[in-house]
Amino acid sequence: MSKRYAMAVDTVRCVGCNACVVSCKTENALPDGGFRDWITTETYGVFPSLWMQIRSERCNHCSKPSCVDACPTGASNVNEGGTVLVTRRKCTGCKACIAACPYGARYVHPDGYVDKCTFCLHRVNAGKQPACVETCPTRALTFGDLGDPASPVSRLVSARKNLVLRPESGNQPNVFFLIAST
Amino acid sequence: MSVTRRQFIQIGGAAVGGAALASGATTRWWGFDGDPIPDPGTEGDRVVASFCELCFWGCGVKAHVKDGRVTKVVGNPDHPLSRGMLCPRGAGATGMIYDPDRLRRPLIRRQKRGEDTFEEVSWDAALNRVGEGLLEVRRKHGPEALALFTHGSGGTWFKHFMKAWGSPNVGAPSYAQCRGPREAGYLLTYGTPLGSPEPIDIANARVITLIGSHLGENMHNTQVQELAEAIGKGAELVVVDPRFSVAAGKARYWLPIKPGTDIALLLAWMNVIISEGRYDADYLAKHAIGFEELKTHVADKTPEWAWPHTGLRPELIRESARFIASARPASLIHPGRHTVWNGDDTQRERAMAILAGLLGSWGRRGGYLSFGKMGAPAYPLDKAFPHPEKSAADRPKAGGYPIGGEVIASGLCDATVPGQALYDLKAWIVYGCNLLQALPSRKQTIQAIQNLDFIVTIDILPAEVTGFSDVVLPEATYLERDDDISAPAYKKPFLALRQEVVPPMYDSKPGWWIAKELANCTGLGDYFPWRNARDYVDTRLRAGGFDVAAARATGVVLGKPVATCEEEGLPVAVATDSKKIELRSEQLAKLGFDPIPQFYPPDEGPPGHFRMLTGRAPTHTFGRTTNNRLLAQPYPENEVWVNADVAKALPGFAGPLKTGDWVTLVNQDGARSGPVRAKVTERIRGDCVYLVHGWGQTAKRLHYAYGRGASDAELVTRYKVDPIMGGTGMNVNFVKLEPAEKAV
């Protein structure tokens, strides 16, 4: 089976420290105000009965990416391992993909093209982990090939209770949020 | 071939035409038209190993340099404290070195202190001015009239200077304004302070109890790594915090305690554990004294007794006590770090230490460990240091604090106002610490500075304190300099090297150079015989028989892991005079203090006021990083946390306060903060508000941080001194909220 890159984010381990965010910014030389990943904190309940979930979020590299369908120029494309990428020279910055993405994963780079998470394919192809995964002090992030049932990410997703964001979108996202079993 | 965007759109429109609808389908092919994977090109053509200075933890880093510029800083996998992972601050080091507001050239003040008006001068002119200033103080008042305030690993060069100069007045706010009460509490109970990194076994604990510690929001990297590791192995948390912290969000039990009443809770926990026989009786019989007295002392401190004090339901106290005891000895009472809260802090830490004793966790896996240290011989000096004739001036004239440890920085500040201490301080060297944020009561700090004959500041940024200095010396950031060896005690002892990654920018200089030049211009050059820091470190490494080239390549020298606990064959050892865990402290009794901690209800604030609590954001190290444009992106400014219920009807507000609204905080003495946004949340009790420390900077030359967010330091006009060790409890200030128009 061909490669299907995916990520598991362990919300039980994640403390929302933003190390993933800052390391992504330096690894990918992102412009001021541009983010390819970010932290979301959700709190439910009323004091003192509270429940909280912290997630390190990014592009879900969907199996049915609505951004790619929306792109009029073919700049948004599905690349190696199912990774959704933007070809800068084809991008007109029209923002159709931004409107189509259910996750707010894209932003307009000051140079005029739309930018987003690449799963650090330039690192992955060199045998390294994505920058966010490498730095995460809580080891909350696991990247790998969902097509390989023996890969750590496949094992985590099959063994642990998990959820994906906005499953109703029909996009079939490939970032899985591991949650507590109880 | 180059095609402009405009041309491309035209070409695309003409050529694709009707195929546009199908574009999604065609681009779905993997590797469609052979697009290259974009490489941001940040991999260095040189990679230098060093250790981080964005906070004091000292994690190993690898800095990537491309075309002479540091592109990224990542964790060094060989370094035991980072293990290849960095927190956001460490990863944000490029935001520090390329901060446009950095000090670039030496400055000499031209107007009144505090007016922040300077003239750029040459290093020669600046050093001459410092030499004259210091020597004049020495002539008039003796060498002891000089004090050094220091924070960070570059401070070693200036501490060395002080030894050569002959003054014992070397203080760091990291003691009496931070971890001091903890050190005193554990010293009294176990005979040893804990130090840094704390010798605790988070990774192997089955229950971890955090009392006011918001680990995960304070990013002590190794500890957060271990916390996640423990959680991954099924460890559970008990979190005592008025705020639903990140750790509380992961806890089995969250105890939203009324601030200032932790001792009541701790006594009630002990009551449950002792009265239900859940303590480690064999361990206590072997290793502790004073158990019977403790048992009597807590006999009436039931959860029902603690309830009205703490606001915590008796069942919650009872259940959590049983839960904590169920995991002993692998039940870790985390000792905390920033522990200067209410002035009774040594006793609170004592109560935590005693509880750890009841659980039998001192010297046991999953509890408190014993770490080993790897040494490198000192640099050989031909000349002996002079002996200061006077002891440090950090104690008030009327009497000091009996449990000593380190010099009290706030005490040195007090001793600068004439007549307060046994003798007066007349000159300060301030290295890498913004005393206006670090010490309590800015007013007192400024008053002290105005009494000085001379003050010189060494910093990388124009921090607030530089504005009050006579001379400001621009230091190179850690990425631009060598420093002394880092050799903290750890379970795997190690040495780590600080190495220059790129040459100093502008006219900044490394601390080792500045200290050596200060010595040269004050006649103390003989004490600095090394050519430079690299020569100094290499000499030490060679004397220790270490492979210098290998150490420079990896940035670390790794020692052999040591036995850290009973389970690894190391007998439980207690270093008190009695060689026992002192559940009751005879030493405290003799000094007139409670030999077993007692609970005294905290002072209440004026009506309509909230107790002001402060803490950390994971992206920032106090005020040191608030001007870092990279770290500012995920966390641009602090907010004041206000309980959602309370926010519905605040006095003075026309309607309910909402998240994002601007407010001003006004404390019980009328001190006012700048405008700060409200965070209205269920995640905090209604009797307190919370701010991340370090914001609301008043230094205009910090162009990002200036006036951004609220300064808690501005609102700490009062503090309560811990009578045992001199710590300055700062959670004794109360604020009310007023609507504010908009931020400046």
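Sequences listed follow chains A and B, in order. Using the numbering used here, the first residue of the first sequence is number 132, and each one after it goes up by one. Using the numbering used here, the first residue of the second sequence is number 61, and each one after it goes up by one. Even for Gly, the Cβ is constructed at its ideal location relative to N, Cα and C.
Less than 8 Å between the C-beta atoms of Asp-99 (chain B) and Asn-687 (chain B), yes or no? no
Of all the CB atoms in chain A, is at least one closer than 8 Å to the CB of Lys-132 (chain B)? yes
Would you verify that the beta carbon of Val-284 (chain A) is, or is not, closer than 8 Å to some beta carbon of chain B? no
Contact with chain B by Cys-193 (chain A), beta-carbon distance below 8 Å: no
With 16 other CB atoms within 10 Å as the buried threshold, where does Thr-87 (chain B) fall? Note on Thr-87 (chain B): pLDDT 43, under 50, position unreliable in the model; the coordinate value appears next. It counts as buried.
At a CB-CB cut-off below 8 Å, which residues of chain A make contact with Asn-281 (chain B)? Pro-268
Evaluate contact between the segment 459-475 of chain B and the segment 167-187 of chain B, counting only Cβ atoms and requiring at least three cross-stretch pairs below 8 Å. no
Exposure label - Tyr-779 (chain B); buried when at least 16 CB within 10 Å: buried
Quick one: give me the first and last residue of the alpha helix (DSSP H) that Gln-184 (chain A) is part of. Per DSSP, Gln-184 (chain A) belongs to no alpha helix (DSSP H); it is in the beta strand (DSSP E), 180-189.
Are the beta-carbon atoms of Cys-581 (chain B) and Thr-210 (chain B) separated by less than 8 Å? no
Within chain A, the residues that Met-672 (chain B) reaches when beta carbons sit closer than 9 Å: Neighbours of Met-672 (chain B) on chain A: none; closest Cβ ~19 Å, over 9 Å.
Counted within 10 angstroms of its Cβ, other Cβ atoms place Pro-661 (chain B) as buried (16 or more) or exposed: exposed
Any idea what DSSP makes of His-192 (chain A), helix, strand or coil? coil
By the 8 Å beta-carbon criterion, what residues does the segment 700-718 of chain B contribute toward chain A? Asn-703, Ala-704, Asp-705
Closest by CA to Leu-751 (chain B), which one among B:Val-525, B:Ala-151, B:Gly-769, B:Gly-371? B:Gly-769
Min CB distance Gly-292 (chain B) to chain A below 8 Å: yes
Report the three-state DSSP secondary structure of Ala-75 (chain B) (helix, strand or coil). Because Ala-75 (chain B) sits at a pLDDT of 36, beneath the cut-off of 50, its placement in the model cannot be relied upon, and the point is left open.
Segments of 3+ residues assigned as beta strand (DSSP E) that fall wholly inside the segment 290-372 of chain B: 296-300, 313-315
Please classify Thr-86 (chain B): does DSSP put it in a helix, a strand, or coil? Summary for Thr-86 (chain B): the model assigns pLDDT 44, below 50, so the residue's position carries little reliability, and this model does not support an answer.
For Gly-417 (chain B), the nearest candidate out of B:Ala-677, B:Arg-676, B:Ile-334 (CA to CA): B:Ile-334
Any beta carbon of chain A sitting closer than 8 Å to that of Gly-77 (chain B)? With a pLDDT of 35 at Gly-77 (chain B), under the threshold of 50, the modelled position of this residue cannot be trusted; read the value that follows with caution. Not one chain A Cβ lies under 8 Å of Gly-77 (chain B).
With 16 other Cβ atoms within 10 Å as the buried cut-off, status of Ala-381 (chain B): buried
Which two residues bound the contiguous alpha helix (DSSP H) that contains Phe-218 (chain B)? 215-225
Going by DSSP, which residues form a beta bridge with Thr-273 (chain A)? A:Ala-139
Taking the alpha-carbon positions, what's the Val-264 (chain A) to Asn-278 (chain B) distance? 20 Å
Below 8 Å on the Cβ atoms is my contact criterion, and I expect Gln-728 (chain B) with Phe-670 (chain B) to pass it. Report the Cβ-Cβ distance as a whole number of Å. Wrong, their Cβ atoms sit about 11 Å apart, outside the cutoff.
Counting only beta-carbon separations shorter than 8 Å, does Pro-241 (chain A) have a partner in chain B? no
Among the candidates B:Pro-456, B:Gly-427, B:Leu-326, B:Met-222, whose CA atom is the shortest distance from the CA of Pro-363 (chain B)? B:Leu-326
Residue range of the alpha helix (DSSP H) that Arg-149 (chain B) falls in? 148-151
Under the assumption that Val-215 (chain A) contacts His-192 (chain A) (Cβ atoms under 8 Å), give the Cβ distance between them as a whole number of angstroms. 5 Å
Measuring straight from C-alpha to C-alpha, what distance separates Pro-319 (chain B) and Glu-742 (chain B)? 17 Å
Nearest chain B C-beta to Lys-247 (chain A) closer than 8 Å, yes or no? no
N-terminal and C-terminal residue of the alpha helix (DSSP H) that Gly-471 (chain B) is part of: 469-474
Counting only the same chain and skipping the five closest in sequence on each side, list residues whose C-beta sits under 6 Å from that of Gly-191 (chain B). Cys-581, Thr-582
If you check the beta carbons only, do Cys-308 (chain B) and Ala-366 (chain B) fall under 8 Å apart? Here residue 308 (chain B) turns out to be Ala, not Cys, going by the sequence shown. No; because the gap between Cβ atoms is not below 8 Å, this pair is not in contact.
Looking at C-alpha atoms only, which residue of B:Cys-115, B:Lys-122, B:Gly-118 is the closest neighbour of Val-562 (chain B)? B:Lys-122
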